[in-house]
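Q: Chain order of the listed sequences is W and S.
First residue of the first sequence? That's 1 in UniProt numbering, and the numbers climb one at a time after it.
First residue of the second sequence? That's 1 in UniProt numbering, and the numbers climb one at a time after it.
For glycine and all other residues, C-beta sits at the position ideal for the given N, C-alpha and C.
Number of protein chains: 2
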Amino acid sequence: MKVSSVPKDVVEPSKRTKRVLPVIDFLVRIVAAISTLGSALSMGTARETLPFRTQFVKFRAVFEDLPTFVFFVLSNSIVCAYLLLSLALSFFHIVSSSALKSRILMVLLDTIMFGLLTMGAAAAAAIVFLAHRGNPSANWFPICQQYNYFCQRISGSVIGSFMAVILFMILILLSAISISKH
Amino acid sequence: MKVSSVPKDVVEPSKRTKRVLPVIDFLVRIVAAISTLGSALSMGTARETLPFRTQFVKFRAVFEDLPTFVFFVLSNSIVCAYLLLSLALSFFHIVSSSALKSRILMVLLDTIMFGLLTMGAAAAAAIVFLAHRGNPSANWFPICQQYNYFCQRISGSVIGSFMAVILFMILILLSAISISKH
Numbered sequence: 001m002k003v004s005s006v007p008k009d010v011v012e013p014s015k016r017t018k019r020v021l022p023v024i025d026f027l028v029r030i031v032a033a034i035s036t037l038g039s040a041l042s043m044g045t046a047r048e049t050l051p052f053r054t055q056f057v058k059f060r061a062v063f064e065d066l067p068t069f070v071f072f073v074l075s076n077s078i079v080c081a082y083l084l085l086s087l088a089l090s091f092f093h094i095v096s097s098s099a100l101k102s103r104i105l106m107v108l109l110d111t112i113m114f115g116l117l118t119m120g121a122a123a124a125a126a127i128v129f130l131a132h133r134g135n136p137s138a139n140w141f142p143i144c145q146q147y148n149y150f151c152q153r154i155s156g157s158v159i160g161s162f163m164a165v166i167l168f169m170i171l172i173l174l175s176a177i178s179i180s181k182h
Numbered sequence: 001m002k003v004s005s006v007p008k009d010v011v012e013p014s015k016r017t018k019r020v021l022p023v024i025d026f027l028v029r030i031v032a033a034i035s036t037l038g039s040a041l042s043m044g045t046a047r048e049t050l051p052f053r054t055q056f057v058k059f060r061a062v063f064e065d066l067p068t069f070v071f072f073v074l075s076n077s078i079v080c081a082y083l084l085l086s087l088a089l090s091f092f093h094i095v096s097s098s099a100l101k102s103r104i105l106m107v108l109l110d111t112i113m114f115g116l117l118t119m120g121a122a123a124a125a126a127i128v129f130l131a132h133r134g135n136p137s138a139n140w141f142p143i144c145q146q147y148n149y150f151c152q153r154i155s156g157s158v159i160g161s162f163m164a165v166i167l168f169m170i171l172i173l174l175s176a177i178s179i180s181k182h
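Now the structure itself:
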């Protein structure tokens, strides 16, 4: 009796994780989608007009001024759309736990999207850092000294995007564990 | 006879890929290590002194002037060291094709290093783009107009790093396929 109970104990947790992992995957995808959407919206609507102006120049900062921020909004939007579409495949994995090829496809797509998101977040972070600190060697002035509110918005936006980057790492790890359970 | 030959055909390529995949993994790691090492060295030794000077100012560009480039050199060096160390684990996977937990650990480490490398490359790319084109809205001057040779070096360095990023995507995909063969 003791002998027969041992394999039962070993098999059951494995079966349970096989069920639980796709559900965690599904939930993480939703959180990551919200995170990237928030980042894209927060950056896309960031604008500040200073309360003074000359006859010809209006002092205004919008995200389109910097191509890197346009790339950031684009990459976050693309990744958000991908995450929403991938919910269908993730749901399919909850229902049919034996699908293998679709899981490998998902690892590939997740890795590509992880790369795209990380690129957008890191590039924007480099520019935000420059906006805050400037660079005396290159004679680049820290624009945050004027555009304080604008800088707060874009900093928060980049932080949200980095949260999604960490969630993507978890997604890839979850997929690898799921595949190993076959 | 025909019936017995079918499963044989199905099994053999699977066994062969089980052997071939770790070897490809090993070779890709070597190429990626060379690529990151080259990028780190190329960026780390990039310096240019302009042929004119004033009494007090010497016009000189080195990578340490920009914190993003320091991060780039650091991230490429760390990833290169990781790739060299991971060769041992990769070799172990060639010898023992049944190791599963170590493969999952490798996917996790690869994903983290992929993220680190992508961050360094994308952040440096954002600054290199700025150095080439400048930004009139933020009054950031394109320093490449003066430091031509310096800019060529850092651009090449970033391209090398992005090659390693693509190789990392292949590594993660290879690991996922390897794990699925169990």
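(1) Could you have a look at M1/S and say whether DSSP puts it in helix, strand or coil?
(2) For S75/S, which residues from the same chain have a beta carbon less than 7 Å from its beta carbon, with the 5 sequence-adjacent residues on both sides left out?
(3) Would the segment 24-43 of chain S count as touching the segment 131-147 of chain S if we require 3 or more Cβ pairs under 8 Å?
(4) List the residues of chain W whose Cβ lies closer than 8 Å to the Cβ of V165/S, in chain order.
(5) Would you say G120/W reaches chain S, if we count a Cβ-Cβ gap shorter than 9 Å as a contact?
(6) Beta-carbon separation of A176/S and I94/W under 9 Å?
(7) Taking only the alpha-carbon atoms, compute the straight-line gap between residue 185/S and F162/W and give it to the nearest angstrom.
(8) Can you tell me where the alpha helix (DSSP H) holding T111/W begins and where it ends?
(9) Excluding the five sequence neighbours on either side, which residues of its own chain have a C-beta within less than 7 Å of the C-beta of S4/S, listed in chain order?
(10) Determine, using beta carbons only, whether S35/W and R153/W come nearer to each other than 9 Å.
(11) Whole angstroms are fine: how far does the CA of A61/W sit from the CA of C144/W?
(12) By Cβ distance, which residues of its chain are closer than 8 Å to F92/W, with the 5 residues on each side in sequence left out?
(13) Could you work out which residues of chain W lie near F141/S, taking near to mean beta carbons separated by less than 8 Å?
(14) Look up V62/S in the DSSP assignment and give the residues it is bridged to.
(15) Where P22/W and R16/W are concerned, what is the direct C-alpha to C-alpha distance, given to the nearest angstrom?
(16) Between P142/S and the rest of its own chain, which residues show a CB-CB distance below 7 Å, the 5 nearest in sequence each way excluded?
(17) So, is L171/W buried or exposed, given that buried needs 16 or more other C-beta atoms within 10 angstroms?
(18) Would you say T111/S and L173/W are within 9 Å of each other, going by their C-beta atoms?
(19) So, using beta-carbon positions, are S86/W and A40/W closer together than 9 Å?
(20) What three-state label does DSSP hand V10/S in the structure shown?
(21) For A32/W, which residues in the same chain have their Cβ closer than 6 Å to its Cβ, ignoring the five residues on either side in sequence?
(22) Could one say the Cβ of V28/W lies closer than 9 Å to chain S's Cβ atoms, at least one of them?
(23) Please classify L37/S: is it buried, with 16 or more other beta-carbons within 10 angstroms of its beta-carbon, or exposed?
(24) Taking L109/S as the query, report the chain W residues whose CB atoms sit under 9 Å from its CB, ordered along the chain.
(25) Give a yes or no on whether 9 Å exceeds the smallest Cβ distance from F52/W to chain S.
(26) Which same chain residues, not among the five before or five after M169/W, have their C-beta less than 8 Å away from its C-beta?
(27) L74/S CB to nearest chain W CB: under 9 Å?
(28) Does the beta carbon of A125/S come closer than 9 Å to any beta carbon on chain W?
(29) At 9 Å on the CB atoms, spell out the chain S contacts of I78/W, in chain order.
(30) Roughly how many angstroms separate the alpha carbons of I104/S and V20/W, rounded to a whole number?
(31) Considering only the alpha carbon of each residue, which of R53/S, V158/S, Y147/S lies closest to A125/S?
(32) With 9 Å as the threshold, decide whether the Cβ of T36/S is near any Cβ in chain W.
(33) Check the Cβ of H182/W against every Cβ in chain S and list those closer than 8 Å, keeping chain order.
(34) Along chain S, which residues have their Cβ under 7 Å away from the Cβ of M169/W?
(35) How would you label Y147/W, buried or exposed, when you count the other beta carbons within 10 angstroms and need 16 or more for buried?
(36) With the cut-off set at 9 Å, would you say F63/W and F72/W are in Cβ contact?
A: Checking against the coordinates, here is how it stands:
(1) Here M1/S scores only 44 on pLDDT, less than 50, and its place in the model is too uncertain to base an answer on.
(2) Only residues of its own chain outside the window of five on either side were considered, and among them L116, L117, M119, G120 have a CB closer than 7 Å to the CB of S75/S, listed in chain order.
(3) The segment 24-43 of chain S, when compared against the segment 131-147 of chain S, does not touch it at the 8 Å Cβ threshold.
(4) Correct list: G115.
(5) Yes, because at least one Cβ of chain S sits closer than 9 Å to the Cβ of G120/W.
(6) No. Outside cutoff.
(7) Residue 185/S cannot be examined here, being either before or after the span of chain S that is shown, 1 to 182.
(8) Unbroken alpha helix (DSSP H) run through T111/W: 101-133.
(9) Bear in mind that a pLDDT of 48 at S4/S, under 50, signals an unreliable position, so the model cannot answer this.
(10) Taking 9 Å as the cut-off, the beta carbon of S35/W is found no closer than this to the beta carbon of R153/W.
(11) Note on geometry: alpha-carbon atoms of C144/W and A61/W lie some 10 Å from one another.
(12) Answer for F92/W: A99, S102, listed in chain order.
(13) Ordered by position in chain W, the residues that pass the 8 Å Cβ test against F141/S are A138, N139, W140.
(14) R47/S.
(15) Taking the straight line from one Cα to the other gives about 11 Å.
(16) Result list for P142/S: A131, H132, R133, G134, in chain order.
(17) Result: buried.
(18) Yes; because the gap between Cβ atoms is below 9 Å, this pair is in contact.
(19) Contact flag unset, no.
(20) With a pLDDT of only 49 at V10/S, under the threshold of 50, the placement of this residue in the model should not be trusted, and no figure is reported.
(21) Excluding positions up to five away in sequence, the list reads L83, A164, L167.
(22) For V28/W, the answer is no, since every Cβ of chain S falls outside 9 Å of its Cβ.
(23) Buried.
(24) Result: empty, since nearest Cβ-Cβ is about 10 Å, beyond 9 Å.
(25) F52/W does not count as touching chain S.
(26) Spatial neighbours of M169/W in its own chain (CB-CB distance under 8 Å, excluding positions within 5 residues in sequence) are listed in chain order as F114.
(27) No, no contact with chain W.
(28) At a cut-off of 9 Å between C-beta atoms, A125/S counts as an interface residue with respect to chain W.
(29) Within 9 Å Cβ-Cβ: nothing; I78/W doesn't reach chain S, min ~15 Å.
(30) Their backbone Cα atoms lie some 18 Å apart in a straight line.
(31) When only C-alpha atoms are compared, the closest one is V158/S.
(32) For T36/S, no CB of chain W lies under 9 Å from its own CB, so it is not counted at the interface with that chain.
(33) Going along chain S in sequence order, the residues near H182/W (Cβ under 8 Å) are S180, H182.
(34) Result: T111, I112, G115.
(35) It counts as buried.
(36) Their beta carbons are under 9 Å apart, which means F63/W touches F72/W by this criterion.
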